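*Asks:* First, the structure itself, so that you have it in front of you.
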Amino acid sequence: MKTTEKAFDGLMVLEFQSGNKKSFPVLVKRHHLRLCKHSFRYTKDVEASKDVVQDSWNAIINKLHTLKDPNSFASWATRIVTRKSLDYVKNVKYHRNKVETYYHETKITETNDGREIQIKRLLSAIKSLPQNQQMVLKLFYVEDYSLKEISSILEISVGTTKSRLFHAREKLKTILKVNTDEKGN
251 MKTTEKAFDG
261 LMVLEFQSGN
271 KKSFPVLVKR
281 HHLRLCKHSF
291 RYTKDVEASK
301 DVVQDSWNAI
311 INKLHTLKDP
321 NSFASWATRI
331 VTRKSLDYVK
341 NVKYHRNKVE
351 TYYHETKITE
361 TNDGREIQIK
371 RLLSAIKSLP
381 QNQQMVLKLF
391 YVEDYSLKEI
401 SSILEISVGT
411 TKSRLFHARE
421 KLKTILKVNT
431 DEKGN
């Protein structure tokens with residue numbers, strides 16, 4: 251990065267630290283795309299990289315007053331995005347391993363009572379739900395987040411979280427009952 255660009259970033263940081271909140275959007279505009287591309291190198295997922303960078307901007311705005319060398323903003327922000335991207339990748343691997351372990355344990359302990367068929371029906375039914383309900387189910391049952399944590403993650407009210415979870419369960423019951431009735435089970 252050129253010295254003049256670093257100096258301009260430094261000026262915007264100093265402005266922000268002095269109370270001029272209008273300087274922060276200038277920094278976002280200058281660095282957002284670059285940081286998304288940087289995050290993508292780790293996540294290999296466009297949407298995930300956008301989410302990581304958005305989360306990083308929240309951390310950046312909260313910690314910007316602690317930045318001692320304003321001219322180092324670009325590298326400092328990149329370090330934050332790098333850490334959050336690596337955390338994301340680690341979290342995805344952890345949950346993938348958790349699901350794979352569950353799947354393998356289920357396969358091993360499975361009996362001939364049709365458990366595998368039931369699991370396939372359940373997974374198929376979940377996939378038929380709206381995306382927002384799938385997300386709440388995943389966060390609640392797979393990732394073990396509380397309703398309050400889910401509302402914070404999805405930036406919705408606790409009431410909306412409860413409603414989505416309730417409606418997802420009800421739709422699953424209906425879908426599974428219809429499938430069971432159709433199969434004659």
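Quick note: the sequence shown uses my numbering, first residue 251, plus one each step.
The beta-carbon is built from N, C-alpha and C at its ideal position, and this holds for glycine as well.
Source: prediction; values computed, not measured.
Once DSSP output is grouped into helix, strand and coil, what is the label at residue 347?
*Replies:* helix
*Asks:* Thinking C-beta only, is residue 328 closer than 8 Å to residue 288?
*Replies:* yes
*Asks:* Do residue 334 and residue 302 have their CB atoms nearer than 8 Å?
*Replies:* yes
*Asks:* Nearest to residue 376 by CA position, among 258, 277, 280, 422, is which residue?
*Replies:* 422
*Asks:* Near residue 309, which residues of its chain fall below 6 Å by C-beta distance, leaving aside the five closest residues on each side in sequence?
*Replies:* 330
*Asks:* Within the same chain, show all residues whose beta-carbon is closer than 7 Å to that of residue 266, passing over the 5 residues directly before and after it, in chain order.
*Replies:* Correct list, in chain order: 273, 274, 314.
*Asks:* Determine the contact status of residue 271 and residue 286, defining contact as a CB-CB distance below 8 Å.
*Replies:* no
*Asks:* From this set, 292, 291, 404, 426, which residue's C-alpha is nearest residue 379's C-alpha?
*Replies:* It is 426.
*Asks:* Can you tell which of 304, 290, 268, 255 has the C-alpha that lies nearest to the C-alpha of residue 280?
*Replies:* 255
*Asks:* Check residue 319 in the structure and name its three-state DSSP category.
*Replies:* coil
*Asks:* Just to confirm my understanding: we take residue 293, look at its own chain, exclude 5 residues before and 5 after, and list those with CB closer than 7 Å. What are they?
*Replies:* Within the same chain, residue 293 has close Cβ partners 299, 302, 335, 338, 339.
*Asks:* Note down, in chain order, each residue of its chain lying with its Cβ closer than 7 Å to the Cβ of residue 390, except the 5 sequence neighbours on either side.
*Replies:* 400, 415
*Asks:* Could you tell me the boundaries of the alpha helix (DSSP H) in which residue 311 lies?
*Replies:* 296-313
*Asks:* Go ahead and pull the three-state DSSP assignment for residue 406.
*Replies:* Residue 406 falls in the coil class under three-state DSSP.
*Asks:* Do you know offhand how far residue 371's Cα is from residue 296's?
*Replies:* 30 Å
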